[in-house]
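Peer 1: Protein chains in written order, with numbering that gives the first Met the number 0: chain W, 0 to 131; chain Z, 0 to 131. The structure's right below; bear with me while I get my questions together.
2 protein chains.
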Amino acid sequence: MAEPLDPEMFDPVCPSSAMPIQIGDKWTAMVVLCLERGPRRFTELRTPLRGITPKVLTQTLRAMERDGLVTRTAYDENPPRVEYELTALGRSLLTLIDAARAWSKEHLPALLEARRAHGSDPGPALLKRPGT
Amino acid sequence: MAEPLDPEMFDPVCPSSAMPIQIGDKWTAMVVLCLERGPRRFTELRTPLRGITPKVLTQTLRAMERDGLVTRTAYDENPPRVEYELTALGRSLLTLIDAARAWSKEHLPALLEARRAHGSDPGPALLKRPGT
DNA sequence: GATACTGGTTACCTCAACGATACCGGGATA
DNA sequence: TATCCCGGTATCGTTGAGGTAACCAGTATC
Numbered sequence: 000m001a002e003p004l005d006p007e008m009f010d011p012v013c014p015s016s017a018m019p020i021q022i023g024d025k026w027t028a029m030v031v032l033c034l035e036r037g038p039r040r041f042t043e044l045r046t047p048l049r050g051i052t053p054k055v056l057t058q059t060l061r062a063m064e065r066d067g068l069v070t071r072t073a074y075d076e077n078p079p080r081v082e083y084e085l086t087a088l089g090r091s092l093l094t095l096i097d098a099a100r101a102w103s104k105e106h107l108p109a110l111l112e113a114r115r116a117h118g119s120d121p122g123p124a125l126l127k128r129p130g131t
Numbered sequence: 000m001a002e003p004l005d006p007e008m009f010d011p012v013c014p015s016s017a018m019p020i021q022i023g024d025k026w027t028a029m030v031v032l033c034l035e036r037g038p039r040r041f042t043e044l045r046t047p048l049r050g051i052t053p054k055v056l057t058q059t060l061r062a063m064e065r066d067g068l069v070t071r072t073a074y075d076e077n078p079p080r081v082e083y084e085l086t087a088l089g090r091s092l093l094t095l096i097d098a099a100r101a102w103s104k105e106h107l108p109a110l111l112e113a114r115r116a117h118g119s120d121p122g123p124a125l126l127k128r129p130g131t
């Protein structure tokens, strides 16, 4: 829980953005990965999740808290400090995320090639979400 | 590829609707499961996917075709006949779907209980998609 | 007094997915 | 003549996730 998060742990250009699997909402899986090695603070999470706005991060964390995936602990200090930590349930998603990443590693190139070979039209917009 | 699809293979009331995992678009995983045992016709798919409109089914299938998940074969007969079949790539999603279902079987009750225990507010709408 | 830091909140807007409803072409069948 | 079957299209409307921008309270520091 010590070392800082790598600001580039999620490559925004990476084709994993086309991954056909989504865990929870758009940012949920990335939050889980950020919390994998210990509790993190709100601001700390914003670094690797480049581009996330505080509103959306709050929404995501509140929903995850509601679903028992994370706990929120506020310390009465100042400046204020709030820490988010994975629960066992939240941690159980890691196996699923690993499965999704394994599938992508093995099959995503074929999917992208199929899409490219399909030719001109971008077509309906299946599978365009950001991933990990 | 012979036996008809069970019209009730997807229970619309089942809490799996809350499953925090989504494969492709809303109907993609269900289509994959429908095609698991062999090619199916357009109208045949509409039966278990209760409530899907032809427009949305067409959209879903076209996107899956574009991504190399299914093949579309039109026979020049009449009444017209079109068959959709899983490709190897599409079939590879089955392992992922199984993993998602295994997770749900084991952990979904805990998630739903956490949500219930969280109390009154339905809160922001994470995790409300139909699943399998 | 002014500014900065943390952890947010509020109001507004956009856009794609999804759904409802209606219609169609062509051959076969009654 | 009329109707059915099949595999779709066409048009319209709704919804909600997600984004943008601005603001806030409380303390500490300059």
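Virtual Cβ for every residue (Gly too), placed ideally from N, Cα, C.
(1) I'd like to confirm the pairing. Which residues does DSSP put opposite R40(Z) in its beta bridges?
(2) Residues of chain W with a CB under 8 angstroms from the CB of L88(Z): which are they?
(3) Grab me the residues of T59(W)'s own chain with a C-beta within less than 7 angstroms of its C-beta, minus the 5 sequence neighbours each way, in chain order.
(4) Strictly by DSSP, which residues pair up with R114(Z)?
(5) Determine the extent of the beta strand (DSSP E) in which R65(W) is found, giving its start and end residues.
(6) Between R40(Z) and I20(W), what straight-line distance do the alpha-carbon atoms span, to the nearest angstrom?
(7) Under 9 angstroms between C-beta atoms, does G67(Z) make it to chain W?
(8) From E76(Z) to E43(Z), what does the alpha carbon distance come to, in whole angstroms?
(9) Any C-beta of chain W sitting closer than 9 angstroms to the C-beta of I51(Z)?
(10) Given R61(Z), which residues of its chain have a CB within under 7 angstroms of its CB, disregarding the five upstream and five downstream residues?
(11) For Y74(W), count neighbouring Cβ atoms within 10 angstroms of its own Cβ and tell me buried if that reaches 16, exposed if not.
(12) Is it buried or exposed, P3(Z), if we count other Cβ atoms within 10 angstroms and call 16 or more buried?
Peer 2: Based on what the coordinates show:
(1) E82(Z)
(2) The answer, in chain order, is H106, A109, L110 and A113.
(3) Residues of the same chain with a CB within less than 7 angstroms of the CB of T59(W), apart from the 5 flanking positions on each side, are D24, W26, T27 and V30 in chain order.
(4) Partner(s): none; R114(Z) has no beta bridge.
(5) No beta strand (DSSP E) holds R65(W); the alpha helix (DSSP H) holding it covers P53 to R65.
(6) 26 angstroms
(7) yes
(8) 17 angstroms
(9) no
(10) Here R61(Z) has no same chain residue with a Cβ atom under 7 angstroms from its own Cβ, once five neighbours each way along the sequence are excluded.
(11) Under the 10 Å beta carbon count, Y74(W) is surrounded by fewer than 16 other beta carbons and is classified as exposed.
(12) exposed
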